[in-house]
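Its first residue numbered 129, the sequence shown is counted upward by one per residue in this note's numbering. Virtual Cβ for every residue (Gly too), placed ideally from N, Cα, C.
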Amino acid sequence: MGLRGYALLYLLFLYAPVILLPLFAFNDSAIIAFPLSGFTTAAFTQLWETPALHAAVWNSLKVGVAAALISTALGIFAARAAARSRFPAKRPIMGLIMAPLVLPEIIIAVALLIVLVQLGMPLSLWTVALGHVLICTPFAVAILSSAFLALDQSLEEASLDLGESRAGTFFRVTLPLVAPGIVASLLISFTLSLDEFIIAFFLTGSDATLPVYIWSQLRFTSKLPSVMALGFLLLLFSLLLLIAAEWFRRRARRGVDSEGWL
């Protein structure tokens, strides 16, 4: 009973801001405090009338799609090598790939900024996408590794025995069977990129991503209701993506059943 109570208190403390977010998103006041002034949807209407917000959303979508595709492609090759191949220094190499999981993002952001400046690359959405690829790839590798490990290797061997080449087996047999893991990796990577702020703040140029735009609006009290409304919409969107990603990840982890389907 004590452990259950502790777990409930911990969850309440962790998700209290999430519970309060929709309350203040519909509050008819620019002051974030109780008691609530009234119910209104004016903040949501204002979101549709802000061109700068629309540009930031479009920038984040472009960066998120690029980061998800590139990190998932890199994750496929790395996870495949980790699950099926033996090569020198395998553990240290995989450890370096997974290192961004434990490194503080601000350290990664500052290091990337220094490297890009030294190389003479102008800061833009592409530099933000490259930074997001660096932090999303370890998540893609972790998700896809479980998908490749759950795959029955005899299916690939049967394809090779029937005369298919290794490349053909990979594209016609392996990839379709690990497709749920690929979709989960894409969704997780896109969600991470969409919500990431620190690297985007350091590496963005004149085109701000959505988190950077939200940070810029927090300096103005009159913008707080629209920020709360936008945060509520982002919360719902992120939850939907994470639920979908978890569903696909579990499908990939279950592996192949008796009928040959994931």
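Assumed close pair residue i, residue j - CB separation to whole angstroms, cut-off 8 Å
{"i": "Ala194", "j": "Ala257", "result": "4 Å"}
{"i": "Phe276", "j": "Val301", "result": "Rounded, the Cβ-Cβ distance is 12 Å, inconsistent with contact."}
{"i": "Val191", "j": "Ser321", "result": "6 Å"}
{"i": "Ser188", "j": "Thr337", "result": "5 Å"}
{"i": "Ile263", "j": "Pro228", "result": "5 Å"}
{"i": "Leu253", "j": "Asp335", "result": "5 Å"}
{"i": "Ala153", "j": "Ala171", "result": "6 Å"}
Separation of residue j from residue i, as counted between CA atoms
{"i": "Leu151", "j": "Met226", "result": "38 Å"}
{"i": "Asp289", "j": "Gln281", "result": "12 Å"}
{"i": "Leu390", "j": "Gly248", "result": "Here the model assigns Leu390 a pLDDT of 40, short of 50, so the residue's position is not dependable and the matter cannot be decided."}
{"i": "Leu231", "j": "Ser317", "result": "17 Å"}
{"i": "Thr332", "j": "Leu314", "result": "22 Å"}
{"i": "Leu181", "j": "Ile234", "result": "25 Å"}
{"i": "Leu140", "j": "Ser354", "result": "25 Å"}
{"i": "Pro266", "j": "Lys218", "result": "15 Å"}
{"i": "Leu279", "j": "Pro304", "result": "11 Å"}
{"i": "Ser344", "j": "Leu175", "result": "15 Å"}
{"i": "Pro145", "j": "Trp375", "result": "26 Å"}
{"i": "Arg362", "j": "Met222", "result": "The residue you asked about is not Arg; residue 362 is Leu in the sequence shown. When rounded, the distance between both Cα atoms is 33 Å."}
{"i": "Val340", "j": "Ala286", "result": "51 Å"}
{"i": "Arg214", "j": "Ala239", "result": "32 Å"}
{"i": "Thr173", "j": "Lys351", "result": "13 Å"}
{"i": "Ala372", "j": "Phe348", "result": "35 Å"}
{"i": "Ala210", "j": "Leu149", "result": "42 Å"}
{"i": "Arg378", "j": "Leu369", "result": "14 Å"}
{"i": "Thr178", "j": "Ala295", "result": "49 Å"}
{"i": "Thr297", "j": "Arg212", "result": "14 Å"}
{"i": "Pro216", "j": "Asn155", "result": "60 Å"}
Closer than 8 Å: residue i CB and nearest the ligand ATP heavy atom
{"i": "Asn155", "result": "Only the bare structure without any ligand can be found here, which leaves the ligand ATP out of the picture."}
Continuous alpha helix (DSSP H) stretch holding residue i: start and end
{"i": "Gly192", "result": "Pro179 to Arg212"}
{"i": "Lys351", "result": "Run containing Lys351: none; DSSP gives neither H nor E here."}
{"i": "Phe329", "result": "Ile326 to Leu331"}
{"i": "Trp254", "result": "Leu253 to Ala278"}
{"i": "Phe154", "result": "Segment: none, Phe154 is in no alpha helix (DSSP H) and carries neither H nor E."}
{"i": "Ala239", "result": "Glu233 to Leu247"}
{"i": "Leu290", "result": "Counting along the chain, Leu290 falls outside any alpha helix (DSSP H), and DSSP gives it neither H nor E."}
{"i": "Phe318", "result": "Ala307 to Asp323"}
{"i": "Ala217", "result": "Note, Ala217: premise wrong, no alpha helix (DSSP H); not H, not E."}
{"i": "Ala295", "result": "Arg294 to Thr297"}
{"i": "Phe162", "result": "Counting along the chain, Phe162 falls outside any alpha helix (DSSP H), and DSSP gives it neither H nor E."}
{"i": "Ala170", "result": "Ala170 to Leu175"}
Residue environment, residue i, which counts as buried when at least 16 other CB atoms sit within 10 Å
{"i": "Arg208", "result": "buried"}
{"i": "Gly309", "result": "buried"}
{"i": "Phe165", "result": "Sequence inspection shows Ser at residue 165; the Phe mentioned does not correspond to that position. It counts as exposed."}
{"i": "Gly133", "result": "exposed"}
{"i": "Phe162", "result": "exposed"}
{"i": "Ser293", "result": "exposed"}
{"i": "Val245", "result": "exposed"}
{"i": "Glu324", "result": "buried"}
{"i": "Tyr143", "result": "exposed"}
{"i": "Phe360", "result": "buried"}
{"i": "Thr255", "result": "buried"}
{"i": "Val243", "result": "exposed"}
{"i": "Ala135", "result": "exposed"}
{"i": "Ile147", "result": "exposed"}
Min CB distance residue i to chain D below 9 Å
{"i": "Leu331", "result": "Going by chain labels, chain D is absent from the structure shown, which holds only one protein chain."}
Original post:
Per the contact definition of three or more C-beta pairs closer than 8 Å, is the stretch 256-272 in contact with the stretch 196-205?
Top reply: Segments in contact, yes.
Original post:
Do the stretch 319-329 and the stretch 257-267 touch if we need at least three Cβ pairs shorter than 8 Å?
Top reply: Inter-segment contact for the stretch 319-329 and the stretch 257-267 is present: three or more beta-carbon pairs are separated by less than 8 Å.
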